[in-house]
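Notes follow once the structure below has been shown.
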Amino acid sequence: MKKKHRVEPTISYPLFVASTVLMGVALVIIGAYGMGPINLSRNPKYLLLSIPTVVIMGLGVAGVKHMKRHPTLLGWMGAILLSLLLTGLTWSRTLFPERHMEYLVEVLSISSAMGVWSVIKVYYQKEVQRPRTPPFGKRCPRRGLPVIITLLIVSSGFISSPDIIGDDEFSEGISVADFLAVQYMAGNLSKNYTVATDHRLGTLLNTTYGFPCTFERAREIWVSDNLSKYLYELEGNNSQYPPIGYVLIDDVMVNDSLVLVDNGPHGAVVVIDMWEHEKFSGEPFVLLERFESPDGHWAEVYAVNLTATYPIRDRECQL
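FYI, the working numbering numbers position 88 of the sequence shown as 92, with every residue one higher than the one before it.
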């Protein structure tokens, strides 16, 4: 008689199912009704694309017990959860609650990998001691496990490459034309002047290349065709930033929406149309370069000729 040996406990299936279902229900509720600063798309397409992430997080919650031997991972997760708690209590405008989910997915991915690996070891060992009561009263099919894992990996690969338009309200994608425009600015333009652009491109320019950007501090430049109304923004908006020397515009800002983050984690969405875009073809704006990509996206870099604003400034001073 062959001797059977004990195996390490695997993930808790009831905990996996319960956590996955609860997170899925929460996702649907938040997507349908919203929850404070958390802003999810109500488009069913994107809720369906979130299913693999929910499953991975469910596996991660159920596999947390495998992290006991890895205090660094537990500390990592604990720090994120503590930050999430403090953010919720203080209603922080700097550390957004929903972004903590992105950080949490990283560590839960490691936890879920540990759990999945433990399941694989159990079901593919030649001689194991099965529990007296299999999960849910029946054995999990030996052949079904690799199919489930394969589907999870493949679906996760698809959702990790979203369309450039994230949802019906705003885009966070960067096109090839945008990248070329930013590279051009980094190599040829001075960082002593501010760049007027949206939050998406401004974040890239500011965090990666050190350009000061207007972000939410300049709005009239996008919605007004009267230079006198946004002259103070060009000059630095009461010294909130250096004078605006450049403007970066792309097709997403013109054809879809321009996002400025203000008065909350997501702020207001300011939409500009082609008529307002045309004003940048005249003074005080000068087109420096236009970049296009094969997929139809484009980006334009303008310089601001501040000397062209002197007559208006002098006229206002006389008044």
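Glycine residues also receive a C-beta, built at the ideal position from the N, C-alpha and C atoms.
Check residue i in the structure and name its three-state DSSP category.
i	result
E280	helix
F215	coil
S223	A small fix is needed here, since residue 223 is Arg in this sequence, not Ser. Three-state result, R223: coil.
K130	Reliability of the predicted coordinates at K130 is poor, the pLDDT of 48 falling under 50, and the value obtained from them is presented with this limitation in mind. Residue state, collapsed to three classes: coil.
Y250	strand
L262	strand
T198	strand
T24	helix
Y245	coil
A83	helix
N210	helix
H203	helix
N230	coil
G240	coil
H104	helix
L99	coil
S179	coil
L193	coil
D299	coil
S115	helix
T313	helix
D167	Note that D167 scores 46 on pLDDT, short of 50, meaning its location in the model is unreliable and no value can be drawn from it.
L19	helix
Just checking my contact of residue i with residue j at CB under 8 Å: how many whole Å lie between their CB atoms?
i	j	result
Y306	V251	4 Å
F219	G206	5 Å
D260	W302	About 13 Å; that fails the 8 Å criterion.
R221	Y245	6 Å
G79	M118	Between M118 and G79 the Cβ distance is about 16 Å, and since that is not below 8 Å, they are no contact.
E329	I253	Shown here, the chain extends from 5 to 323; a query on residue 329 therefore has no answer.
L88	P75	Actually they are not in contact, since the Cβ atoms of L88 and P75 sit about 20 Å apart, beyond 8 Å.
L51	L31	6 Å
Tell me, which residues are paired with residue i by DSSP?
i	result
A66	A66 is not bridged to any residue.
V158	For V158, which the question treats as bridged, DSSP gives no partner whatsoever.
R294	E304
F289	V308
For residue i, which of the options has the nearest alpha-carbon?
i	options	result
A181	I55, V308, A30 and G300	G300
S116	L19, L89, A312 and G79	L19
V65	T76, S113 and L31	S113
R103	P56, I84 and V186	I84
I178	H203, L310, V158 and I157	H203
E293	S243, A185, M257 and N230	A185
V290	M71, H74 and T311	T311
I248	W80, P298, P288 and K72	P288
V258	L238, E237, E280 and S243	E280
T201	F284, S243 and L90	F284
Y234	L53, V308 and H70	V308
L231	V120, M71, T313 and S54	T313
E296	G286, F183 and S194	F183
T154	K72, P56 and E282	P56
V120	T94, T91 and H70	H70
E304	D229, V199 and M27	V199
G286	L77, P298, D229 and S194	D229
Any Cβ of chain D within less than 8 Å of the Cβ of residue i?
i	result
S285	Going by chain labels, chain D is absent from the structure shown, which holds only one protein chain.
May I ask you to check if the CB of residue i is nearer than 7 Å to at least one heavy atom of the ligand NAP?
i	result
Q187	Judged by which ligands are present, the structure shown has none, so any question about the ligand NAP falls away.
Looking at C-beta atoms only, is the number of pairs between the segment 211–219 and the segment 179–192 that lie closer than 8 Å three or more?
-> yes
Using 8 Å as the threshold, is the segment 100–112 in touch with the segment 53–65, meaning 3 or more CB pairs across them?
-> yes
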